[in-house]
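> Mind having a look at this structure? Questions to follow.
Protein chains: 2
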Amino acid sequence: MHLRELGEFGLIDRIKDGALANPDGVIVGIGDDAAVYRPEAGLYQLLTTDMLVESVHFLLDKTTPWQLGYKAIAVNLSDIAAMGGRPRHAVVSVGLPERLPVEFVIDLYAGMKEICREYAVNIVGGDTVSSPSGLVINVAVTGEVSPAGLLTRSGSNPGDLVVVTGTLGDSACGLDLLQTPGWEEHEFAWPLVTAHLTPRPEVDTGLRLAGWGASSADDISDGLASEAHELAKAGGVGIRIYADRIPLSPQLLKASALLKRRPIDYALYGGEDFELVFTIPADKFARIAFKGGLTVVGEVTAREDGVMLVARGAATPLEPRGYNHFR
Amino acid sequence: MHLRELGEFGLIDRIKDGALANPDGVIVGIGDDAAVYRPEAGLYQLLTTDMLVESVHFLLDKTTPWQLGYKAIAVNLSDIAAMGGRPRHAVVSVGLPERLPVEFVIDLYAGMKEICREYAVNIVGGDTVSSPSGLVINVAVTGEVSPAGLLTRSGSNPGDLVVVTGTLGDSACGLDLLQTPGWEEHEFAWPLVTAHLTPRPEVDTGLRLAGWGASSADDISDGLASEAHELAKAGGVGIRIYADRIPLSPQLLKASALLKRRPIDYALYGGEDFELVFTIPADKFARIAFKGGLTVVGEVTAREDGVMLVARGAATPLEPRGYNHFR
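What follows is the structure in structure tokens.
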């Protein structure tokens, strides 16, 4: 069936079911002029939004609609995680080319509902409009955070350690693999492609950061180099990243050899990892260093020291190149 | 200057200034992973979103960027008004064709900031991405409402009056005029075109509705016929609209004669008026009937009576045709 047959209101009826993963506190969900929800007393509200545009953020022959829906929510949850918050409610706008079959749109929302179920997030409203050219998806997500649990990009101090979650570069390498014919034959390629198509935001870690004593945080959406510059600029500090400390997955090393690229370039300049990078005083980190999945990659320095990459004993300025729209 | 020269981060720096019209309660605005704000204790939070797509919702040769920015916010504030709420914070996503000059984007945001200033709304964040084809704007707006002040589309009872604010049909007629060469020569055309390009959401009236005793409300975005059906469906009631009661502006009557269209068709099926329609018990309305700008256009009936239009003494089913995407 095509959208033209079902119509806008028929489509909304098909989307509504299963949109609330955590209905407690939701007064009005999909179907009125605006959603209504009860905020938790004493908490700050968080709000973030991200737009995904066909041909810029995704290619329809490289992703399933389910994966695309999953990712459209994931990138927003990652922003809430980077503030130390718990994501709560989402509104979803889709600009749909009329050529799309209804099943595509249903699968798109199924992917959204899956990640919303995993993270207990409600889809409480949205907008469904036609788009004459490409598919456009915009998601806005609210979250909640206690004043003491809030982490921004500023707040770091010289001497703090710079720590990242997970491994970096997998997603960007996965994107390159997707454009490499025959990638499916390599076992190592699958987790990288998965990291690119259905990233898992670090919400649980984000919720713990402030309690551990972290001083600032950011999610890694544009590559570690770009985020290091953001943390340095916002905190009024310098940052020094040690190239040989950056956590790289064994799959990334294998795939980089295949693609004849330097694995560290994916980590520094690749983007879309949706891991977290945070700063934390060394004595505070000592108490959590035993936890898995956290890697010290550098340290905070004085502002005048700039943002540097230390490789083979030599420090050179780390360029903030990552993805920049319009460039 | 073109976007390519300024880049994404340079553009964000240009947009940031003057984004907070009501900074009280804003902890973190534009420039971090998510916005942070303190909700008013005891109030419900509202959340709505609307996407405007070039060639579907607007034509760049019929609107200035300033007007377009103004309207992109207005349509969202109207949704908050229809819930009885006060709009508070907005996040704005723009998908920008690279061909657009930087000045276009600055003017677009200037229009947004103007209406935000008028309604004391903050722009607290957003996303700026490139769009390979048309311009896309998505706005999500939060609001606040006391539990007692909340109005939904349900809640009406047979016997309630159906009341609208302002005059209807002006915006849709303005859209037709915009496509009529020489419209600028007619003095009556200007307020209609203005109603279409820079609608003023009925926030102040929305805030008073619950106190007056209104039982349900909706904003008139798709024409009175479509909204009457929405109120009837949500309330489990019927609705009867009296054609000769619908408030039409003198300008609409003149322009309709020029365009050889029936003025009431603009009011019933035209859309984008962003006035409010609400239901209210007759005794409650009696206390506010002296106020200007409110017109009784019909009454709530039993569900089995359906949604009817009474014209020249005869009642006929009122078709829910308004704008339907994909149809």
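Residue numbers (the working numbering), protein chains in the order written: chain A, 166 to 492; chain B, 166 to 492.
The beta carbon of each residue, even a glycine, is placed where N, CA and C say it ideally should be.
Can you find a C-beta in chain A that's less than 7 Å from the C-beta of residue 166 of chain B?
Chain A, which has no Cβ nearer than 7 Å to the Cβ of residue 166 of chain B, makes this no.
> Cutting at 7 Å between CB atoms, please list the residues of its own chain near residue 173 of chain B, excluding the five before and the five after it.
So the qualifying residues of the chain are 293.
> For residue 300 of chain A, tell me which candidate among A/388, A/261, A/289 and A/234 has the shortest Cα-Cα distance.
When only C-alpha atoms are compared, the closest one is A/261.
> Is residue 189 of chain A helix, strand or coil when you go by DSSP?
Reduced to three states, the DSSP call for residue 189 of chain A is coil.
> Look at the alpha carbon of residue 389 of chain B and the alpha carbon of residue 253 of chain B, and state the distance between them as a whole number of angstroms.
Approximately 27 Å, taken between the alpha carbons.
> Tell me whether the beta-carbon of residue 298 of chain B lies closer than 7 Å to the beta-carbon of residue 258 of chain A.
Taking 7 Å as the Cβ cut-off, residue 298 of chain B and residue 258 of chain A do not qualify as a contacting pair.
> Name the chain B residues that come within less than 7 Å of residue 245 of chain A, Cβ to Cβ?
Correct list: 199.
> Just the C-alpha distance for residue 443 of chain A and residue 394 of chain A, rounded to the nearest angstrom, thanks.
Each residue's Cα considered, the two are about 13 Å apart.
> Keeping to the same chain, check which residues put their C-beta closer than 7 Å to that of residue 307 of chain B; ignore five residues upstream and five downstream.
Contacts found: 210, 211, 212, 253 and 254.
> May I have the straight-line CA-CA distance separating residue 322 of chain A from residue 281 of chain B, to the nearest angstrom?
Whole-angstrom Cα-Cα distance: 36 Å.
> With distances taken from CA atoms, which of A/429, A/384 and A/421 is nearest residue 243 of chain A?
Taking only the C-alpha atoms, the option nearest residue 243 of chain A is A/384.
> Shorter than 7 Å from the beta carbon of residue 305 of chain A to some beta carbon of chain B?
Closer than 7 Å to some Cβ of chain B, the Cβ of residue 305 of chain A qualifies, so yes.
> For a quick check, are the C-beta atoms of residue 319 of chain B and residue 386 of chain B less than 7 Å apart?
Not closer than 7 Å, so no.
> Within 10 angstroms of the Cβ of residue 425 of chain B, are there 16 or more other Cβ atoms? Answer buried if so, exposed if not.
When all chains shown are included, residue 425 of chain B counts as exposed.
> Interface residues of chain C around residue 292 of chain B at Cβ under 7 Å?
This model lacks chain C altogether; the protein chains it does include are A and B.
> If I follow the unbroken beta strand (DSSP E) through residue 480 of chain A, where does it start and stop?
Counting along the chain, the beta strand (DSSP E) containing residue 480 of chain A begins and ends at 479 to 482.
> What are the start and end residues of the alpha helix (DSSP H) that includes residue 391 of chain A?
Residue 391 of chain A -> alpha helix (DSSP H) spans 389 to 400.
> Find the nearest neighbour of residue 369 of chain A within the set A/245, A/227, A/180 and A/208, judged by alpha-carbon distance.
Of the listed residues, the one whose Cα sits closest to residue 369 of chain A is A/245.
> Report the CB separation of residue 194 of chain A from residue 270 of chain A in whole angstroms; it is logged as a contact under 8 Å.
Wrong, their Cβ atoms sit about 19 Å apart, outside the cutoff.
> DSSP state of residue 404 of chain A, grouped into three classes?
In the structure shown, residue 404 of chain A sits in a strand (DSSP, three-state: E or B).
> Out of curiosity, what's the CA-to-CA distance linking residue 178 of chain A and residue 336 of chain B?
Residue 178 of chain A and residue 336 of chain B: Cα-Cα distance of roughly 28 Å.
> Could you give the distance in angstroms between the alpha-carbon of residue 460 of chain A and the alpha-carbon of residue 413 of chain A?
Roughly 11 Å separates the two Cα atoms.
> Closer than 8 Å is the cut-off here; do at least three beta carbon pairs connect the segment 348 to 366 of chain B with the segment 401 to 421 of chain B?
Yes, the segment 348 to 366 of chain B touches the segment 401 to 421 of chain B.
> Using a 10 Å radius around the Cβ and a threshold of 16 neighbouring Cβ atoms, would you call residue 217 of chain B buried or exposed?
Buried.
> Straight-line CA distance for residue 438 of chain A to residue 267 of chain A?
Spanning the two alpha carbons is a distance of roughly 31 Å.
> Pick out the complete alpha helix (DSSP H) segments inside the segment 247 to 323 of chain B, 4 residues or longer, and give them in chain order.
Correct list: 267 to 283.
> Expressed to the nearest angstrom, what Euclidean distance is found between the alpha-carbon atoms of residue 256 of chain B and residue 305 of chain A?
Answer to the nearest angstrom: the Cα atoms are 8 Å apart.
> Whose CA, out of B/208, B/313, B/481 and B/365, lies closest to the CA of residue 332 of chain B?
Of B/208, B/313, B/481 and B/365, the residue nearest in Cα terms is B/365.
> Nearest chain A C-beta to residue 317 of chain B closer than 7 Å, yes or no?
Yes, residue 317 of chain B counts as interfacial toward chain A.
> Looking at the ligand NAD, does it come within less than 6 Å of residue 398 of chain B, judged from the CB to the closest heavy atom?
As for the ligand NAD, it is missing from this structure, which has no ligand bound.
> Per DSSP, residue 170 of chain A forms a beta bridge with which residues?
Per DSSP, none; premise fails for residue 170 of chain A.
> Quick one: is residue 344 of chain A near chain B, going by C-beta distance under 7 Å?
So, not an interface residue.
> Quick one: which unbroken beta strand (DSSP E) runs of 3-plus residues sit fully inside the segment 411 to 457 of chain A? Chain order, please.
For the segment 411 to 457 of chain A, whole beta strand (DSSP E) runs of length 3 or above, ordered along the chain, are 441 to 445.
> Assign residue 447 of chain B to one of two classes, buried (16 or more other C-beta atoms within 10 Å of its C-beta) or exposed (fewer than that).
Exposed is the call here.
> Please list the residues of the segment 335 to 364 of chain A that have a C-beta atom closer than 8 Å to any C-beta atom in chain B, keeping them in chain order.
If the cut-off is 8 Å between Cβ atoms, the segment 335 to 364 of chain A has nothing near chain B.
> Which first and last residues belong to the alpha helix (DSSP H) in which residue 336 of chain B is found?
From DSSP, the alpha helix (DSSP H) with residue 336 of chain B extends over 335 to 343.
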